[in-house]
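Numbering (this note's numbering), first residue to last: 252 to 390.
Beta carbons: idealized from backbone N, C-alpha and C, even for Gly.
Okay, so here's the structure we're looking at.
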């Protein structure tokens, strides 16, 4: 019991595949929740057009709320991105442009090497970029 209470931490966010089914979180709600010392991140949030492109606008709206909450709370932003790299790059450049030494990656090594915007992202974003590639799940 007590051992687990000391060792368990959490992050809060709306997964992009659930964004259309869940009430839209607000920046204020995420800030209030983040005051718990066990909360260590905002997310998993982001964009996933693989199965849910029809909810693209809702995903983008939710993602921007989470970016703002991460910026205000100074907590790491945990990002999910699948089949949405161009929108992901655009939104991060517009909404989360902050100097940092941390790195992020696109969905494949090929896209990392071919995308000129990736250099900007590698140098400027303080994020934990979680990648889920369908091919590896199907293997």
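Count the other CB atoms within 10 Å of the CB of residue i; is the residue buried (16 or more) or exposed (fewer)?
i: residue 326; result: buried
i: residue 391; result: Beyond the ends of the chain as shown, which are 252 and 390, falls residue 391; an answer cannot be given.
i: residue 272; result: exposed
i: residue 336; result: buried
Considering Cα atoms alone, identify which of the options is closest to residue i.
i: residue 332; options: 268, 285 and 263; result: 268
i: residue 285; options: 274, 263 and 270; result: 263
i: residue 261; options: 294, 272, 290 and 274; result: 290
i: residue 310; options: 345, 287 and 338; result: 338
If the criterion is Cβ atoms closer than 8 Å, does the pair residue i and residue j meet it?
i: residue 334; j: residue 299; result: yes
i: residue 258; j: residue 320; result: no
i: residue 317; j: residue 293; result: yes
Residue i and residue j look like a contact to me (Cβ under 8 Å); what is the Cβ gap, rounded to whole Å?
i: residue 329; j: residue 296; result: 7 Å
i: residue 314; j: residue 340; result: At roughly 13 Å, the Cβ-Cβ gap does not stay under 8 Å, so residue 314 and residue 340 are not in contact.
i: residue 270; j: residue 306; result: 6 Å
Against chain C, with Cβ distances strictly below 8 Å, would residue i count as a contact?
i: residue 314; result: In the displayed structure, chain C is absent; only one protein chain is listed.
Exercise for the section: Would you mind listing the alpha helix (DSSP H) stretches within the stretch 297-353 that are 4+ residues and don't spill past its ends, in chain order? Expected result: 300-303, 307-324 and 336-346
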